[in-house]
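Residue numbers (the numbering used here): 77 to 410.
Okay, so here's the structure we're looking at.
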Amino acid sequence: MVVPPTNSAEIKRAIRKFDQDLRDAPEWKDWELKKNYKFALQYEGQSYPVKMILSLATGIDRNEFSGGKDAGHANSVVEDLGFKVIDLGHSRNPAWLRDELILALDLYLRHRDAPPGKTSKEVVELSKTLNELGMALGIRQDAKFRNANGVYMKMMNFRALDPQFTSEGKVGLQRGGRLDKEIWETFADNSHKCNEVAELIRSSIESGEANIPLDDDDADEDFEEAPEGKLITRLHRRRERSRKLVKKKAQVLNKFGRLKCEVCEFDFHIHYGDRGEGFIECHHTKPVTSLKPGAKTKLVDLSLLCANCHRMIHVRKPWLSIKELSDFLKLKTR
Ligand SMILES: [Zn+2]
Ligand SMILES: [Zn+2]
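Structure (structure tokens):
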């Protein structure tokens, strides 16, 4: 089936229609990740299924365009109209992480009334920071990763969510993904907190702490990422396994003569005999954002917990405090 004639205004209208009506529909949820879509039309930083857009633009059922040759034809139709088509299998940038979105939102919130442009110092700087962070977290793929254009588009995604902007009757450039919205809802009303987290991410990149390679325990899948993102989760976990743990155990043993979970009082030695002697996990109780890079871990900030209680603190967002977990257990056993 040959694609009927169309023009760029019709394509743009189809793009808008896709955003409005289809993007959130179950059929199109995460369509870019599905193997049967090989190409995407790129427009203002967002991806669109080429044949679906053509179908919306021309009114022809998209299944009419199926087949390898037709797919190539569909691509060339939109490319001839000046749109960019990318191969989803190769050049797709990884999805933005919480850490990255927090950095972008921080920049947006600091310049809410007049977001800096694509070539501004601020945007170029953030692009550089994101590349360093991407390297530290192992998600940076190539030179196109989080370039100034992508950073600017991400700020525009946030602007589209900003009631200060949309209430004036303006429509943002485009909508971003679900995580954009979650980050907006978590931090937009608390720009101070957003800035605090962003500062911490930046300083741990600068100090080099972000670059210390992961060991297996850092990647522990039972530990849900903190709302502040991957990097800060990693700093927290590393602190919990610091050598201070040995000292903490010695201190507690000295004082109480045994090691027991501070929440449920489970004692590995009593329960498992000699095998459990000296075993306990360690939890860092300070809020993640107060962990300044390079700062020494203090004994008073460490709590001793059994493996179950420790997992339950970290298994979902937000992480619980020791008191919250204790209160929950008390309520349950009453
Ligand atoms: Zn416990
Ligand atoms: Zn912990």
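Ideal placement from N, C-alpha and C gives every residue a C-beta, glycine not left out.
Check your understanding: For Gly305, which of Gln122, Phe263, Lys331 and Ile136 has the nearest alpha-carbon?
Key -> Checked all of Gln122, Phe263, Lys331 and Ile136; the closest Cα to Gly305 is Phe263.
Check your understanding: Can you tell me whether Glu285 is buried or exposed, with buried defined as 16 or more other CB within 10 angstroms of its CB?
Key -> So Glu285 counts as buried.
Check your understanding: So which residues touch the region around ligand 1, with touch meaning a C-beta under 6 Å from any heavy atom?
Key -> Result: Cys337, Val339, Cys340, Phe342, Leu381, Cys382, Asn384 and Cys385.
Review point. What's the C-alpha gap between Pro80 and Glu198?
Key: In a straight line, the C-alpha of Pro80 is about 44 Å away from that of Glu198.
Exercise for review: List the endpoints of the continuous beta strand (DSSP E) containing Met182.
Suggested key: The sequence given here has Asp at residue 182, not Met. Segment Arg174 to Arg186 is the alpha helix (DSSP H) holding Asp182; no beta strand (DSSP E) there.
Point to revise | Contact between the stretch 178–189 and the stretch 265–284 (3+ Cβ pairs under 8 Å) | key: Inter-segment contact for the stretch 178–189 and the stretch 265–284 is present: three or more beta-carbon pairs are separated by less than 8 Å.
Practice item. List the DSSP bridge partners of Ile162. Key: Paired residues: Ala116.
Practice item. With distances taken Cα to Cα, identify the nearest neighbour of Pro191 among Trp395, Lys230 and Ala371. Key: For Pro191, the nearest C-alpha among the options comes from Lys230.
**Study point:** Heavy atom of ligand 2 within 7 Å of Glu316 beta-carbon
**Key:** It does: the Cβ of Glu316 is within 7 Å (strictly closer) of some heavy atom of ligand 2.
Check your understanding: By Cβ distance, which residues of its chain are closer than 7 Å to Arg278, with the 5 residues on each side in sequence left out?
Key -> Thr205.
Check your understanding: Taking C-beta to C-beta, are Cys385 and Val339 nearer than 8 Å?
Key -> Cβ distance < 8 Å, so Cys385 and Val339 count as in contact.
Review point. Nearest to His360 by CA position, among Lys372, Gly354 and Ala101, is which residue?
Key: With distances taken between Cα atoms, His360 lies closest to Lys372.
Review point. Mind checking Tyr119: buried by the 16 CB within 10 Å criterion, or exposed?
Key: Buried, since its Cβ has 16 or more Cβ neighbours within 10 Å.
Point to revise | Distance CB(Ala90)-CB(Ile136) smaller than 8 Å | key: Contact check for Ala90 against Ile136 fails: the beta carbons are separated by 8 Å or more.
**Study point:** Proximity winner among Leu378, Leu367, Cys358 and Ala224, relative to Arg387 (alpha-carbon distances)
**Key:** The shortest C-alpha to C-alpha distance from Arg387 to any of Leu378, Leu367, Cys358 and Ala224 is the one to Cys358.
**Study point:** For Ser196, three-class secondary structure by DSSP
**Key:** If DSSP states are grouped into helix, strand and coil, Ser196 belongs with coil.
Review point. Would a C-beta distance cut-off of 8 Å place Lys362 and Glu300 closer than the cut-off?
Key: Remark: C-beta atoms of Lys362 and Glu300 do not approach each other more closely than 8 Å.
Practice item. Kindly indicate which three-state DSSP category Pro239 falls into: helix, strand or coil? Key: It is helical.
Practice item. Alpha carbon to alpha carbon, how far is Thr134 from Ile87? Give it in angstroms, no decimals. Key: Rounded to the nearest angstrom, the two C-alpha atoms are 9 Å apart.
Review point. Mind checking Tyr228: buried by the 16 CB within 10 Å criterion, or exposed?
Key: Tyr228 comes out buried.
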